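The block underneath contains the structure these notes are about, expressed in structure tokens.
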Amino acid sequence: MDSSHFQVLRQSKIRWLINKTSEEWINLAIANPMEILLDHAHCERKAAGVALQLMFRYASEPGLSEVLSPLAREELEHFERVLSILSARGRKLEKLASPPYASILTKNICKDEPLRMLDSFLVAGLIEARSHERMQLLSKYSPDVELRDLYADLLKSEARHFGIYWKLADERFDKNILNSRLESLARVESDALVEMHQEPRMHS
Ligand SMILES: [Fe+2]
Ligand SMILES: [Fe+2]
11 MDSSHFQVLR QSKIRWLINK TSEEWINLAI ANPMEILLDH AHCERKAAGV
61 ALQLMFRYAS EPGLSEVLSP LAREELEHFE RVLSILSARG RKLEKLASPP
111 YASILTKNIC KDEPLRMLDS FLVAGLIEAR SHERMQLLSK YSPDVELRDL
161 YADLLKSEAR HFGIYWKLAD ERFDKNILNS RLESLARVES DALVEMHQEP
211 RMHS
């Protein structure tokens, strides 16, 4: 990989992410495209599940279902798109062990309302932001044209999803509380990736 090019890409700032993805991760990911694709399918499935779970938990929260329902639908469309590429390459939605990333983040969500709601939005937004950052790298460095196009298409949606979770949080919570929780959860998110999980995953 052209490392000077990588440096330029690293400078494109994504709000919320404290640490940028390492070159080690992109090398692992592009060396294992099918495993990343399979894990990606699971990520899209789980992203739809998170949006639905929030819609059920906060069923009567004004303005929430209106944005999370289309988001869940879009994640399922992404899921189906990845599934069809897997299927065209002779693969199915096989089971894959998850890296510790999402469970570390979930463990740090406050147990009591209303902070539970705020933290849930922030954690979902952080995952979207990281997915966006990594898809941007894959869209640039994957040697496979079909996969480069897939990631280039999907990363635009992931940036929008991240914006949706940000807006849900920003419209409902005091700025100081929001910033303090974001700072703390963004640190957890970046720390969860410092020691790279050796199996190739979107969030290794
Ligand atoms: Fe997605
Ligand atoms: Fe998303």
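Quick note, in my numbering, the sequence shown goes up one by one and the last residue is 214. By construction, the Cβ of each residue, glycine as well, lies at the ideal position given by its N, Cα and C atoms. Values in this document were obtained by computation on a predicted structure and should not be read as measured data.
Per DSSP, reduced to three states, the secondary structure at Ala82 is helical. If you ignore the 5 residues before and after Tyr111, its C-beta comes within less than 6 Å of the C-beta of Ala202 and His213, all in its own chain and listed in chain order.
Classified as exposed, Pro124 has fewer than 16 neighbouring CB atoms from the shown chains inside 10 Å of its CB. In the three-state scheme derived from DSSP, where H, G and I count as helix and E and B as strand, Tyr68 is classed as coil.
DSSP places His142 in the uninterrupted alpha helix (DSSP H) bounded by Leu125 to Tyr151.
By the Cβ neighbour-count rule, Asp163 is exposed, with fewer than 16 other Cβ atoms within 10 Å of its own. If you compare the alpha carbons of Glu104, Ser149 and Tyr175 with that of Ala139, the shortest gap goes to Tyr175. Leaving aside the five residues that flank Val92 on each side, the residues in its chain whose CB is nearer than 8 Å to its CB run, in chain order, Leu47, His50, Ala51, Glu54 and Leu160.
Put simply, of Leu188, Ser141, Asp154 and Phe89 the residue whose alpha carbon is nearest the alpha carbon of Lys166 is Ser141. For Met206, the secondary structure class from DSSP, reduced to helix, strand or coil, is coil. Lys117 sits in a helix when the DSSP states are folded into three classes.
Under the DSSP assignment, Gly73 falls outside any alpha helix (DSSP H); it carries neither an H nor an E label.
In this structure, Lys177 is the residue among Lys150, Ala196 and Lys177 with its C-alpha nearest to the C-alpha of Gly73. Taken atom to atom, the span from the alpha-carbon of Gly100 to that of Glu90 is near 15 Å. Looking at Arg182, Leu132 and Lys150, the one whose alpha-carbon comes closest to that of Phe172 is Leu132.
Residues with their Cβ less than 6 Å from any non-hydrogen atom of ligand 1, running along the chain, are Glu54, Ala57, Glu85, His88, Leu164, Ser167 and Glu168. In chain order, Trp26 and Ile28 place their CB closer than 6 Å to the CB of Ala196, counting only its own chain and leaving out the 5 sequence neighbours on each side.
For Ser108, the secondary structure class from DSSP, reduced to helix, strand or coil, is coil.
Taking C-beta separations shorter than 6 Å and ignoring five residues to either side along the sequence, the partners of Ile114 in its chain run Ala202, following chain order.
In chain order, Asn29 place their CB closer than 8 Å to the CB of Val204, counting only its own chain and leaving out the 5 sequence neighbours on each side.
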